[in-house]
Amino acid sequence: MKKIAFLINSLGKGGAERVAVNLAAHFYSQGYEILFVTSRELPEEYVVSFPARRRLLEREIAGAPMGRVGRMPARVWRLRRIWREERPDMIIALVGKMNLYAIVSAAGIQIPVFLSVRSDPAREYPSPLQKKLADVLFRRAAGVIFQTREAADAFPAAVRARAAVLPNALDASFVKPRYEGRRRPEIVMVGRLDANKNHEMLLRVFADMQETYPHWRVRIYGSGLHGTGGGPEENTEPLLRMLVQELEIDDKVDFMGRQTNIREKIEAASVFVLVSDYEGMPNALLEAMATGLAVIATDCPCGGPRSVIQNGKNGILIPVGDEQALATALHSVMGDAAYADALGREAAKLAAELSPERVCGLWQKEIESRVSGYVGRKS
Numbered sequence: 010m011k012k013i014a015f016l017i018n019s020l021g022k023g024g025a026e027r028v029a030v031n032l033a034a035h036f037y038s039q040g041y042e043i044l045f046v047t048s049r050e051l052p053e054e055y056v057v058s059f060p061a062r063r064r065l066l067e068r069e070i071a072g073a074p075m076g077r078v079g080r081m082p083a084r085v086w087r088l089r090r091i092w093r094e095e096r097p098d099m100i101i102a103l104v105g106k107m108n109l110y111a112i113v114s115a116a117g118i119q120i121p122v123f124l125s126v127r128s129d130p131a132r133e134y135p136s137p138l139q140k141k142l143a144d145v146l147f148r149r150a151a152g153v154i155f156q157t158r159e160a161a162d163a164f165p166a167a168v169r170a171r172a173a174v175l176p177n178a179l180d181a182s183f184v185k186p187r188y189e190g191r192r193r194p195e196i197v198m199v200g201r202l203d204a205n206k207n208h209e210m211l212l213r214v215f216a217d218m219q220e221t222y223p224h225w226r227v228r229i230y231g232s233g234l235h236g237t238g239g240g241p242e243e244n245t246e247p248l249l250r251m252l253v254q255e256l257e258i259d260d261k262v263d264f265m266g267r268q269t270n271i272r273e274k275i276e277a278a279s280v281f282v283l284v285s286d287y288e289g290m291p292n293a294l295l296e297a298m299a300t301g302l303a304v305i306a307t308d309c310p311c312g313g314p315r316s317v318i319q320n321g322k323n324g325i326l327i328p329v330g331d332e333q334a335l336a337t338a339l340h341s342v343m344g345d346a347a348y349a350d351a352l353g354r355e356a357a358k359l360a361a362e363l364s365p366e367r368v369c370g371l372w373q374k375e376i377e378s379r380v381s382g383y384v385g386r387k388s
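In the working numbering, the protein residues as written are 10 to 388.
And the structure:
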């Protein structure tokens, strides 16, 4: 039986983590043994419903010198030991520094390493040193998976030669017929409560529309506990709660917190809004489209929303930070239920294209073909 190791910061509730768990479930169904190597363990994590082993990096390097300088070589040394002990047939790393750790720790061990960039490269590798390391080290990978062509184009030709652009798979709960009942006059947002998501922009625009749409409300799903990159993000919920009071819309805005079965919570809403400053391929947007909602999203780097939205056909794209454009888009769907329904029906077609079986099959085909080539080069 072949063994595949997934290297990621945690299995906490985030987009990259869900990709890892979904992929692992698929590879397990295809006969692979699964190993998760995570930096840490969080109180709230995705449920792994199939046999899989787990090694916690921070626990295994307990006692290493404190501070970033001391822990970095300790992580690399421990990862090298894990790879030698576990002997996986391949390693898949996801997000930021985990990609760099994977390449460095597996150097000379003859294990093909696959890397995955899950967001805007400028955010995953924000410093000139990190970007330079990524540009150089990624050339050693057996393959690099990007979510958008724009993200791949941020890297040198030698990296792009190893690259594939593959979509995210939907959770199976979103691959089902569209809700056809009566819709609530409700705008929904789903995602972490941090500054990048720009909830403030929607709230300000919504406040200005109250006289025209007095029966509408906003529901915000998500928390500000942690981000997919591994570090804590700024939790904007306290500031947002203060803002809705200042705007005198606190009776029209609901903070729903983190929820399970999110499809059931949002499927009868009328509009989904994503106004992020940057995104990779936002799972929340894909899920809202598959659910059949009319969606409005910013055309943000690195091109995720643009790659799935045909503007005016299955959703609406607006410039980043443009409150007037958001107001115009909201008016077009809040004031025209037939138009909103037409957008939602077109958006729902995305569900078949992004089914777990299809997308995970694309990942498996890409990875196994590159492993075959890698073995040929090493023999």
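Note that CB positions come from ideal geometry on N, CA and C, so glycine has one too.
Next item on the list: State yes or no: is the C-beta of L339 within less than 9 Å of the C-beta of T307?
Entry: L339 places its beta carbon 9 Å or farther from that of T307.
Notebook entry, point to check: Does the Cβ of N270 have 16 or more other Cβ atoms within 10 Å, making it buried, or fewer, making it exposed?
Noted result: N270 counts as exposed, since fewer than 16 other beta carbons sit within 10 angstroms of its beta carbon.
Next item on the list: Hey, could you find the ends of the beta strand (DSSP E) F215 is sitting in?
Entry: Careful: F215 lies outside any beta strand (DSSP E), inside the alpha helix (DSSP H) at 208-217.
Next item on the list: Taking T245 as part of the beta strand (DSSP E), name the residues at either end of that continuous run.
Entry: First-last for T245: undefined, no H or E at that position.
Margin query: Can you tell me whether S378 is buried or exposed? The criterion is at least 16 other CB atoms within 10 Å of its CB, across all chains shown.
Written below: It counts as exposed.
Margin query: So if DSSP puts I112 in a beta bridge, which residue, or which two residues, is it bridged to?
Written below: According to DSSP, I112 bridges with nothing at all.
Checklist line | Residues bridged to S136 [DSSP beta-bridge criterion] | finding: In the DSSP secondary-structure assignment, S136 is not bridged to any residue.
Note to self: Is the beta carbon of M343 closer than 9 Å to that of P194?
What the structure shows: Cβ atoms of P194 and M343: closer than 9 Å.
Margin query: I'd like the ranges of any alpha helix (DSSP H) spanning at least 4 consecutive residues and lying wholly in the segment 260-348.
Written below: Here the runs fully enclosed are 271-275, 292-300, 313-317, 332-343.
Item checked: Host beta strand (DSSP E) of L16 (start-end) -> Boundaries of the beta strand (DSSP E) harbouring L16: 12-17, taken from the DSSP string.
Note to self: Less than 7 Å between C-beta atoms, sequence neighbours within five positions excluded: which residues of the same chain meet that for V380?
What the structure shows: Only M99, P121, A151 meet the Cβ criterion.
Margin query: Three Cβ pairs or more, each shorter than 8 Å: is that satisfied between the segment 167-181 and the segment 288-297?
Written below: The segment 167-181 vs the segment 288-297: in contact.
Item checked: Distance, R149 Cα to R187 Cα -> Computed Cα separation, rounded: 44 Å.
Next item on the list: Please report how far the alpha carbon of S364 lies from the alpha carbon of S285, in whole angstroms.
Entry: One alpha carbon belongs to S364, the other to S285, and they sit about 25 Å apart.
Checklist line | Proximal residues to A167 (C-beta, below 7 Å), its chain only, five neighbours per side dropped | finding: Cβ neighbours of A167 beyond the five flanking positions: R148.
Note to self: Which complete alpha helix (DSSP H) runs does the segment 17-76 hold, if anything under 4 residues is left out?
What the structure shows: 24-38, 66-69, all fully within the segment 17-76.
Item checked: Endpoints, alpha helix (DSSP H) assigned at L359 -> First-last of the alpha helix (DSSP H) with L359: 359-362.
Note to self: With the cut-off set at 9 Å, would you say G330 and E159 are in Cβ contact?
What the structure shows: Remark: C-beta atoms of G330 and E159 do not approach each other more closely than 9 Å.
Checklist line | Minimum Cβ-Cβ distance from V380 to chain B less than 9 Å | finding: Of the protein chains in this structure there is only one, and it is not chain B.
Next item on the list: Have a look at A303 and F36 and give me their C-alpha separation to the nearest angstrom.
Entry: If you take the alpha carbons of A303 and F36, they lie about 34 Å apart.
Item checked: heavy atom of the ligand GDP below 8 Å from L124 C-beta -> The model depicted lacks the ligand GDP and carries no ligand whatsoever.
Item checked: Beta bridge counterpart(s) of R226 as assigned by DSSP -> Paired residues: E195.
Next item on the list: Please report the Cβ distance between N19 and R49, rounded to the nearest whole angstrom; I am assuming they are in contact, meaning their Cβ atoms lie under 8 Å.
Entry: The amino acid at residue 19 is misidentified as Asn; the sequence shows Ser. Right, their Cβ atoms sit about 5 Å apart.
Check: For R5, which option in K106, A116, G105 has the closest C-alpha, if you only look at C-alpha atoms?
Finding: This structure does not reach residue 5, given that the chain is present from 10 up to 388, and the question cannot be answered.
Checklist line | Sufficient close CB pairs (3 or more, under 8 Å) joining the segment 44-63 to the segment 131-150 | finding: Contact between the segment 44-63 and the segment 131-150 is absent, with fewer than three C-beta pairs closer than 8 Å.
Notebook entry, point to check: At what residues does the beta strand (DSSP E) containing V122 begin and finish?
Noted result: V122 -> beta strand (DSSP E) spans 122-126.
Notebook entry, point to check: Considering only the beta carbon of each residue, do V214 and A29 sit closer than 9 Å?
Noted result: Their beta carbons are not under 9 Å apart, which means V214 does not touch A29 by this criterion.
Check: In three-state DSSP terms, what is F183?
Finding: Three-state DSSP puts F183 in a helix.
Notebook entry, point to check: What do you get for R191, buried or exposed, if any count of 16 or more other CB atoms within 10 angstroms of its CB means buried?
Noted result: Flag for R191 reads exposed.
Checklist line | For A173 and E375, believed in contact at Cβ under 8 Å, the rounded distance | finding: Right, the Cβ-Cβ distance comes to about 5 Å (below 8 Å), so this counts as a contact.
Checklist line | Backbone CA spacing between G324 and V104 [nearest angstrom] | finding: Roughly 28 Å between the two C-alpha positions.
Next item on the list: Would you decide whether D203 is buried or exposed? Buried here means 16 or more other CB atoms lie within 10 Å of its CB.
Entry: Flag for D203 reads buried.
Next item on the list: Specify, as a first and last residue, the run of the alpha helix (DSSP H) that A166 falls within.
Entry: Run containing A166: 166-169, per the alpha helix (DSSP H) assignment.
Checklist line | CA-to-CA distance, C369 to D356, given in whole angstroms | finding: Sequence check: residue 356 is Ala here, not Asp. Approximately 21 Å, taken between the alpha carbons.
Checklist line | Between the CA atoms of K261 and L371 - distance to the nearest angstrom | finding: Each residue's Cα considered, the two are about 43 Å apart.
Notebook entry, point to check: To the nearest angstrom, how far is it from the Cα of G21 to the Cα of V57?
Noted result: Rounded to whole angstroms, G21 to V57 spans 11 Å at the Cα level.
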